[in-house]
Amino acid sequence: MIIICPKCSRKHNVSPDVVKPYIGTGKKKLTATCKSCKHRFPVLLDALFAQNGHSETIKKFKARKICVTLSKGGVGKTTTAVNLGSGLALAGYKVLLVDTDTQGQSGYMLGRKPVAGLTELLTQELTPRECILEARKNLWLLGGGKSLAGVKRIIDRKSFGAEWTLSEAMASLEREYDFIIMDTSPGWDQLIVNVLFYATEVLVPVALEVMPLHGLSEFLKSLGSIQKYRKEIQLKYIVPTFLDNRIKGPQNLYAQLKKLYPEYICPPIRYNESLSEAPSFGKSIFEFAPGSTASADYRQLVRKVSLNENALV
Ligand SMILES: Nc1ncnc2c1ncn2[C@@H]1O[C@H](COP(=O)(O)OP(=O)(O)OP(=O)(O)O)[C@@H](O)[C@H]1O
Ligand SMILES: [Mg+2]
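Below you can see the structure in the form of structure tokens.
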């Protein structure tokens, strides 16, 4: 699309990918800087699409693909994937939640028992539509579970292109959603490598409990080795979890994280028992305890990720 500088009239060719994250966020304008005369000027997003004949562009954009991952177990990956996905859906975005974990907990947390899921999609036994379950309004689930262990073996045995297996299976789904949120298992295996070859954004929950920085830096090294082969995957968000303001340790760890990773750090998710109780009722935090601090914290995260300050207000 073309943006013209109002001062020097220079025409700039801008990729639609630059404005893609702002679609559906309610944001009306961006500030552009002219590469020639350095003039800074506002660009109205609606006018930009209309003027460039892209009124249909919004529909054609692919989903943002965000994986929630960290090799360390029990840090709040599934809790974050489920509640971020639920919150985005409540804010009106179309969300596909993909559970790539053999524990299959995303479905459990939403009170759903999918009969088919990611396994059948990857083995092509069923069509994508048959594998996906509508869990809530605007929220669809591609379930995980034990059967994924067999899929991992199939991926391992492929003689070439193994890391693209998930990307190939998901390709037809990308234009149907605004967000594809992926929950991953702890550890490091072929399925996680597949997720990192498919997603474009990485969200890392970091539990402010024990040795979080070690786990994070180890994971970032592994991510770096993937980035050598796949430039599109980027660390976008570090979400501190289990923040307990009554004790000093977690607060110090949070301060350290803010200092080390200022560009990625998100507002923390505080320790809150409602988060561990909600799954046994098959409810998201917004359904189970809408007035809780946990619900407030996940609302903040929804706003941060969607770039929409008015989401869920
Ligand atoms: N902020 C929080 N406050 C209190 N409990 C929490 C919080 N976040 C998550 N929990 C609870 O902590 C436990 C671990 O969380 P969760 O299952 O989301 O972690 P995980 O990283 O997905 O674990 P795994 O690596 O095993 O997949 C769960 O029982 C969950 O309900
Ligand atoms: Mg989990």
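Everything in the sequence shown is counted per our numbering, starting at 131 for the first residue and increasing by one.
For each residue, glycine too, the CB sits at the ideal point set by N, CA and C.
- One alpha carbon belongs to E439, the other to L272, and they sit about 28 Å apart.
- Where H344 is concerned, the enclosing alpha helix (DSSP H) starts and stops at 342–357.
- A contact between stretches requires three or more CB pairs, one per stretch, nearer than 8 Å, and the stretch 372–387 fails this requirement with the stretch 307–320.
- Residues lining ligand 2 by the Cβ criterion, that is a Cβ closer than 5 Å to any of its heavy atoms, are K207, T208 in chain order.
- About 6 Å separates the beta carbon of G217 from that of L442, a gap short enough to meet the 8 Å contact definition.
- Apart from the 5 residues on each side of it in sequence, L353 sits with its Cβ closer than 8 Å to the Cβ of L326, V332, I363, L365 in its chain, given in chain order.
- Contact between T371 and T210 holds: CB atoms are separated by about 7 Å, below the 8 Å threshold.
- A check of alpha carbon separations from Y428 across I262, T232, N402 identifies N402 as the nearest.
- Ranked by Cα distance from K361, the options E339, Y391, K434, T330 are led by T330.
- Between T257 and the set W270, F411, P398, S302, the nearest pair of CA atoms involves S302.
- In terms of Cα proximity to K282, the closest of K137, V148, V323 is V323.
- Within the DSSP bridge table, the entry for M312 names C197, V228 as partners.
- Boundaries of the alpha helix (DSSP H) around Y428: 423–436.
- Judged by DSSP secondary structure, E339 falls outside any beta strand (DSSP E); it is assigned neither H nor E.
- Distances from the CB of V432 to the heavy atoms of ligand 1 are all 8 Å or more.
- About 6 Å separates the beta carbon of K207 from that of T314, a gap short enough to meet the 8 Å contact definition.
- N213 counts as buried, since at least 16 other C-beta atoms from the protein chains shown sit within 10 angstroms of its C-beta.
- The Cβ neighbour count for E393, taken over all protein chains shown within 10 Å, is under 16; the residue is labelled exposed.
- For I415, the secondary structure class from DSSP, reduced to helix, strand or coil, is helix.
- Contact check for P397 against K434 passes: the beta carbons are separated by less than 9 Å.
- Looking from the CA of L240, the closest CA among T423, F416, A193, P409 belongs to P409.
- In this structure, the beta-carbon distance from R140 to C164 falls below 9 Å.
- The three-state reading of DSSP puts A301 in helix, counting H, G and I together.
- For H344, the closest C-alpha among the options K168, G237, L387 is that of L387.
- Around the beta carbon of S436, 16 or more other beta carbons sit within 10 angstroms, so the residue counts as buried.
- Taken through DSSP and simplified to helix, strand or coil, P172 comes out as strand.
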